[in-house]
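Chemist: The opening position of the sequence shown corresponds to residue 10 in my numbering, with each subsequent residue numbered one higher.
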Amino acid sequence: MMWRIKLLGLIAAFLVMFLPSFTVAQGFSVFPAEVKIDDLPPGQGAEFELTIRNKDEIAHNFTFTTFQPPEEERRAGRAEFPDESWVSFSPQEIEVPANSETNVAVMVAVPREGRWTDQDWEIWLGVASESTDLLAVKLYVRLLVSTSATGPNTALVGGIAAGIVLISCGAYYYFRRRTKPQRV
């Protein structure tokens with residue numbers, strides 16, 4: 010009985026080693042594996058490139074998505090990214106020829122609102138090859154975004170506007186008084 014169990018184990022080991030597996034990773038990679046954007050002012054955007062390297066002998070189509078990682082997978086002190094639509098890929102889907110690499114532009118734009126200042130977020134960018142296999146491989150790039158502590162300086166903008174109004178009123182009354190005839 011014991012020799013049958015050993016024989017079955019040996020057969021299983023040979024099958025795993027010598028037969029191709031359904032879970033063999035496809036030949037592609039993504040660089041960089043992590044992107045960090047610091048001090049991004051709300052109302053502005055940041056752009057960077059992902060490099061997709063196709064190591065396979067045939068061309069592959071790649072699609073790009075965003076993914077909100079679970080809290081236990083995020084870096085310490087990082088919150089969930091508020092809106093996935095703030096991240097865009099150009100192009101959204103691309104064909105990479107065999108044994109070559111291509112760059113994809115990624116744009117991160119945070120709206121101009123005071124509540125988005127001094128925040129630390131994390132979102133993952135997914136890169137997947139279209140596959141007809143039973144299992145498909147998807148690689149993730151970790152995107153860490155930190156917004157600046159100061160948002161749009163509304164006090165400065167308001168002060169400049171008030172100064173322009175005061176100077177305009179002063180100039181108007183000055184020139185009006187100057188052109189007004191004196192009473193005799």
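We put the beta carbon where it would ideally sit given N, CA and C, even for glycine.
1. In whole angstroms, what separates the C-alpha of E80 from that of W133?
2. Using 8 angstroms as the threshold, is the region 96-107 in touch with the region 55-75, meaning 3 or more CB pairs across them?
3. Ordered along the chain, which non-local residues of its own chain (more than five positions away) have a Cβ less than 8 angstroms from that of E56?
4. List in chain order: all unbroken beta strand (DSSP E) runs of 3+ residues lying wholly within the region 88-150.
5. Which residue or residues does DSSP assign as beta-bridge partners of I61?
6. As a quick exercise: from E89, P51, I176, pick the residue whose alpha carbon is nearest that of P120.
7. For I173, does the three-state DSSP call read helix, strand or coil?
8. Express the C-alpha separation of C178 and R87 in angstroms, rounding to a whole number.
9. In this structure, what does DSSP give as the bridge partners for A55?
Modeler: Put simply:
1. Straight-line spacing of the CA atoms in E80 and W133 works out to 12 angstroms.
2. Cβ pair count under 8 angstroms is three or more, so yes.
3. The answer, listed in chain order, is A114, V115, M116, V117.
4. Correct list: 96-99, 102-105, 109-118, 129-138.
5. According to DSSP, I61 bridges with V39, T111.
6. Here the closest residue by C-alpha is P51.
7. DSSP, read as helix, strand or coil, puts I173 in helix.
8. The C-alpha of R87 lies about 50 angstroms from the C-alpha of C178.
9. In the DSSP secondary-structure assignment, A55 is bridged to V117.
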